[in-house]
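Participant: Residue numbers (full-length UniProt numbering): 1 to 224.
The beta carbon of each residue, even a glycine, is placed where N, CA and C say it ideally should be.
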Amino acid sequence: MIAPHPPGSTRSTGTARLVGLVTAVLALLAVAAFPVREALYLRIAGTAESSAAAPLVGLTARAGLLVLVATTGVLAVRSWRRDRPALVTLTAAGVGVVGAYLLSEVVKLLVTEERPCRAAGLPTVLGCPAAGDWSWPSNHAVLAAAFATACVLAAPRVAWFAVPVALAVAAARVGAGVHYVHDVLSGLALGVVVVALVVALVRPSLDRLIQQLAGRFTRVGGDR
1 MIAPHPPGST
11 RSTGTARLVG
21 LVTAVLALLA
31 VAAFPVREAL
41 YLRIAGTAES
51 SAAAPLVGLT
61 ARAGLLVLVA
71 TTGVLAVRSW
81 RRDRPALVTL
91 TAAGVGVVGA
101 YLLSEVVKLL
111 VTEERPCRAA
121 GLPTVLGCPA
131 AGDWSWPSNH
141 AVLAAAFATA
151 CVLAAPRVAW
161 FAVPVALAVA
171 AARVGAGVHY
181 VHDVLSGLAL
191 GVVVVALVVA
201 LVRPSLDRLI
211 QQLAGRFTRV
221 GGDR
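Next up, the structure:
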């Protein structure tokens, strides 16, 4: 007779499958967008630049990421007081966020894709970054996905908010004229998979460390 899987194991398997599915879909969309990157860019960035929504697109592209940073901060404060497992997840995810950003910087330096605003010479909502500030993958999309993934893994109930914000930030980077579509799709995929992998690898050890420290403090308190 096969013993039933513990609830935590079932949840972990479900999370891994969902992360794999999301990452695969984003990666496939990025591959599909690459051959038509110029046409997509010209259509999206050109439309945004001439529309009444241009100020909103620019604001979202510049500062939308701060919404996710603030959301993560609020969750960290709440979990510090009420939910230790969520706090451990957020701590592990923080390592993943840093790792995802650093990895994206390394990839940029290896690939050296020119910014579309520099290649196309199109008027854009945001000014074109300086030469040498490479395009693929989008750092903003990486960080948006990384922070959103951290929030969702720690508190799944916030997915309805965090996921659309991350997608809006990524879309705004294209609309603002500073990235191709495949840049942001690849960035989203990278942010999701790196944070999820780091949480899966780091969280168990971090949880054990916290339990050991808590046990030591309890023993010290009992000896007084």
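#1: Thinking Leu122 and Gly46 are a contact (beta carbons under 8 Å), I'd like their distance in whole angstroms, please.
#2: Roughly how many angstroms separate the alpha carbons of Arg208 and Thr91, rounded to a whole number?
#3: Enumerated in chain order, which unbroken segments of the alpha helix (DSSP H) with a length of 4 residues or greater are wholly contained in the stretch 108-141?
#4: Grouping DSSP H, G and I as helix and E and B as strand, with all else coil, what is His5?
#5: Among Val198, Thr13, Arg17 and Ala39, which residue has its Cα nearest to the Cα of His182?
#6: Could you check what DSSP says for Val220 in three-state terms: helix, strand or coil?
#7: Nearest CA to the CA of Ala33: which residue from Ser205, Val195, Val174 and Val199?
#8: In three-state DSSP terms, what is Val165?
#9: Within this structure, are the beta carbons of Leu68 and Phe147 separated by less than 8 Å?
#10: Give every residue of the same chain whose Cβ lies closer than 6 Å to the Cβ of Arg82, excluding the five residues on either side of it in the sequence, and list them in chain order.
#11: For Val198, which three-state DSSP category applies?
Facilitator: Looking at the atomic coordinates:
#1: 6 Å
#2: 13 Å
#3: 116-120
#4: Its pLDDT being 39, under 50, His5 is placed unreliably in this model, and the coordinates cannot settle the point.
#5: Ala39
#6: Reliability fails at Val220, whose pLDDT of 48 lies under 50, so the model's placement of it is uncertain and the value that follows must be treated cautiously. Val220 falls in the helix class under three-state DSSP.
#7: Val174
#8: helix
#9: yes
#10: none
#11: helix
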